[in-house]
Structures are given as structure tokens and as C-alpha cells.
Amino acid sequence: MRILTALALPVVIVVFWWIATLDETNPFVPKPGQIVQDFVNVWAGPLLVEQVLPSLYRFGIGLGGAIAAGIVLGLLIGGSRVAAKLTGPLFEFVRAVPPPVLLPVLLLIMGIDDRSKIFLIFLGCLWPILLNTIDGVRSIDQVLAETTRTYGIGGWTRFAHFILPASLPRIMTGIRLALPIAIILMVVSEMYAAIDGLGYQIMLFKQIFQIGPMWAGIVIIGLIGILLAGVFRLVERRVLAWYYGQREVETSAP
Numbered sequence: 001m002r003i004l005t006a007l008a009l010p011v012v013i014v015v016f017w018w019i020a021t022l023d024e025t026n027p028f029v030p031k032p033g034q035i036v037q038d039f040v041n042v043w044a045g046p047l048l049v050e051q052v053l054p055s056l057y058r059f060g061i062g063l064g065g066a067i068a069a070g071i072v073l074g075l076l077i078g079g080s081r082v083a084a085k086l087t088g089p090l091f092e093f094v095r096a097v098p099p100p101v102l103l104p105v106l107l108l109i110m111g112i113d114d115r116s117k118i119f120l121i122f123l124g125c126l127w128p129i130l131l132n133t134i135d136g137v138r139s140i141d142q143v144l145a146e147t148t149r150t151y152g153i154g155g156w157t158r159f160a161h162f163i164l165p166a167s168l169p170r171i172m173t174g175i176r177l178a179l180p181i182a183i184i185l186m187v188v189s190e191m192y193a194a195i196d197g198l199g200y201q202i203m204l205f206k207q208i209f210q211i212g213p214m215w216a217g218i219v220i221i222g223l224i225g226i227l228l229a230g231v232f233r234l235v236e237r238r239v240l241a242w243y244y245g246q247r248e249v250e251t252s253a254p
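254 is the number that the UniProt record's numbering gives the last residue of the sequence shown; the numbers go up by one with no jumps.
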């Protein structure tokens, strides 16, 4: 039933899209059937592997580095009021700078290889994870925090069994926000000074007026986003099983 509910609106949109473009003669207006045909004839096969895998590699390295750095720095800064006050204005300034603006600078400094693209994804994803982790540490129940100190729970035990679990809901929220940012920056970084990747191939199809394959590439990006969101939802449900269980108990309580 959940799957049918999730697919209902996309199916309706595709049906209306198909009906609206039945008599369309503009070659730049995509048709669902033509996109499927171009995907099978052009993308399915070696091209899909050659262009999608490099993009997923940059996506994974950049997002993975941002998750690791954002959680570690967020836990350290969130646990120190002095560090939070010192870094607050700097973080707000850097967060206000759109990451795509930094792409020309990164290309000049790091070159057109994978380093500049991975670092751009890393920078764009770092801030939502970092700031949500800091907020997660700050929002810990102070009564529970004082209770752990009263019972002499400190060091690694307090961190692993109290601070980190209590911050996990906000940390997962930051990662969820970072996922679409990583996909956007992955594509944007490949549209300029690249030799492979989804963004590069889509721009190449656009320049040679292969409109159908171009739209098929855009659909592939959307499908990757849906797949990653579904996988993340499963991981989140497993990691935060205790949290969702607690919410269900609170909701059902009279």
C-alpha cells in the first residue's frame, strides 16, 4: 500500500504529460515515450557505466567526508560554549556563500580533476551537517546531562551512550538536507571543465542538439535522487529505531 501510494502521483503526472505532448511537434519538448526510448538506445549499456560511476564516486567521497567532518566538528563545537561563540559568525558567513560560486576558484587552485569537484561537494554538504550536529548537542536535555554527571558517567562512556545518541536525530536531519545538495553540486561541478560524469554528458548532448538523450540523463539524475532518498530512509529508520519507537509511545499515550 505504501508503494502504491508513493507511485500514484508520479503515474498521474506521467499520464498527463503523455497526453499533453501527443500532438507536440517542438523537438525541444520532451515526450515520455521518447525519453524511455533514448534511455534504452543511448544510455543503457557502456555509457551508463562510464558516466554514472564517476559521478557517484565523487558524490560518495564528497558526502562521506562532509558527514565525518561535520559530525566530529559539530560534537566538539557543540560541547563547548566558547568554541560555539567563536565560530558562530564565521560559520554564518561561510554558509551564506553559495558553493557553486567557489567552483571557478577551486578549478584554478586544484585543476579540473576530481579534487575540485569532490571538494565542492564536501563544502556544500558540510554546513547543514555541522550546524545540525551543533544544534543537536545544544538541545540535549539538561536534566539528563546533570544526571549523568551526578552518577559519575563521563569520558567515552558518556559520549558514546548519551551525547551521540541524543544528537543523532538532528545529525540525521543534517545528512538528509545534505543529500540533494550533494546531487546538485555533483552535476553542476561536472558541467564545467570535466571530461566525464552525468553533468558533462548532459551538457554534451545539449551542445550537439541531442535533446532526447539529454532529457533521459536528467531523468537518471532524478532516479538516483529517489533511490538515495529511499536508502537513507531505511538507514535512518534503523539507526533511530529507538527514537521513532519513543515517539510512537508518546503519541499513543492517553
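Just so it is clear, CB atoms sit at the ideal spot from N, CA and C, and this is done for glycine as well.
ask   = Helix or strand or just coil, what does DSSP make of F39?
value = Here residue 39 refers to the residue found at position 39 when the sequence shown is read from its first residue. In the structure shown, F39 sits in a helix (DSSP, three-state: H, G or I).
task = Measure the alpha-carbon distance for V231 versus R237 and round it to whole angstroms.
result = If you number the sequence shown from 1, residue 231 lands on position 231. If you number the sequence shown from 1, residue 237 lands on position 237. When rounded, the distance between both Cα atoms is 10 Å.
message = Does Y151 come out as helix, strand or coil in the three-state DSSP assignment?
response = Residue 151 sits at position 151 when you count from the first residue of the sequence shown. The answer is coil: DSSP assigns Y151 none of H, G, I, E or B.
query = According to the neighbour-count rule (16 or more other Cβ atoms, all chains shown, within 10 Å of its Cβ), is F93 buried or exposed?
reply = The sequence position of residue 93 within the sequence shown is 93, counting from 1. Counting Cβ neighbours within 10 Å, F93 comes out exposed, since fewer than 16 surround it.
ask   = By how many angstroms is the C-alpha of P165 removed from the C-alpha of Y244?
value = Position 244 of the sequence shown, counting from 1, holds the residue named residue 244. Position 165 of the sequence shown, counting from 1, holds the residue named residue 165. Those two C-alpha atoms are separated by around 13 Å.
Contacting residues, own chain, Cβ-Cβ under 6 Å from G78 (five flanking each side not counted) = To locate residue 78, count along the sequence shown from 1; it is residue 78. These residues qualify, in order along the chain: I134, V137 and R138.
Stretch pair the region 183-193 + the region 107-123: three plus CB contacts closer than 8 Å = These segments touch.
message = Among G225, L198, I226 and M172, whose alpha-carbon lies nearest the alpha-carbon of V239?
response = As a position in the sequence shown, residue 239 is number 239, starting the count at 1. When each option's Cα is compared against that of V239, the closest is M172.
message = I need the straight-line Cα distance from L53 to G222, nearest angstrom please.
response = On the sequence shown, residue 53 is found 53 positions in, with the first residue counted as 1. On the sequence shown, residue 222 is found 222 positions in, with the first residue counted as 1. Straight-line measurement puts the Cα of G222 at about 15 Å from the Cα of L53.
task = Compare the C-alpha of A38 against each of R233, G217 and A229 and name the closest.
result = Here residue 38 corresponds to residue number 38 of the sequence shown, with the count starting at 1. Residue 38 is actually Asp in this sequence, not Ala. Among R233, G217 and A229, the Cα nearest to that of D38 is on G217.
task = Determine, using beta carbons only, whether P99 and G124 come nearer to each other than 8 Å.
result = Taking the sequence shown and counting its residues from 1, one reaches residue 99 at position 99. Taking the sequence shown and counting its residues from 1, one reaches residue 124 at position 124. Their beta carbons are under 8 Å apart, which means P99 touches G124 by this criterion.
ask   = Should the region 28-45 be regarded as contacting the region 199-219, the criterion being three or more beta carbon pairs within less than 8 Å?
value = In this structure the region 28-45 lies against the region 199-219, because at least three pairs of beta carbons, one per stretch, are closer than 8 Å.
task = Report yes if the C-beta distance between L73 and L130 is below 8 Å; otherwise report no.
result = On the sequence shown, position 73 is the one that residue 73 refers to. On the sequence shown, position 130 is the one that residue 130 refers to. Yes, the pair counts as a contact, with Cβ atoms nearer than the cut-off.
request  = With DSSP as the reference, label P30 as helix, strand or coil.
outcome  = To locate residue 30, count along the sequence shown from 1; it is residue 30. P30 sits in coil when the DSSP states are folded into three classes, being neither helix nor strand.
Residues of its chain near L56, where Cβ-Cβ distance is below 7 Å and the 5 sequence neighbours each way are ignored = Position 56 of the sequence shown, counted from the start, is the residue given in the question as residue 56. Cβ within range, chain order: n/a, list empty.
inquiry  = Measuring alpha carbon to alpha carbon, tell me which residue in W156, A178 and A193 is nearest G62.
reply    = The residue given as residue 62 occupies position 62 in the sequence shown. Selected option, being the one with the closest Cα: A178.
ask   = Are the CB atoms of Q201 and Q34 nearer to each other than 8 Å?
value = For the purposes of this step, residue 201 is identified with residue 201 of the sequence shown, where counting begins at 1. For the purposes of this step, residue 34 is identified with residue 34 of the sequence shown, where counting begins at 1. Judged by their CB atoms, Q201 and Q34 are not nearer to each other than the 8 Å cut-off.
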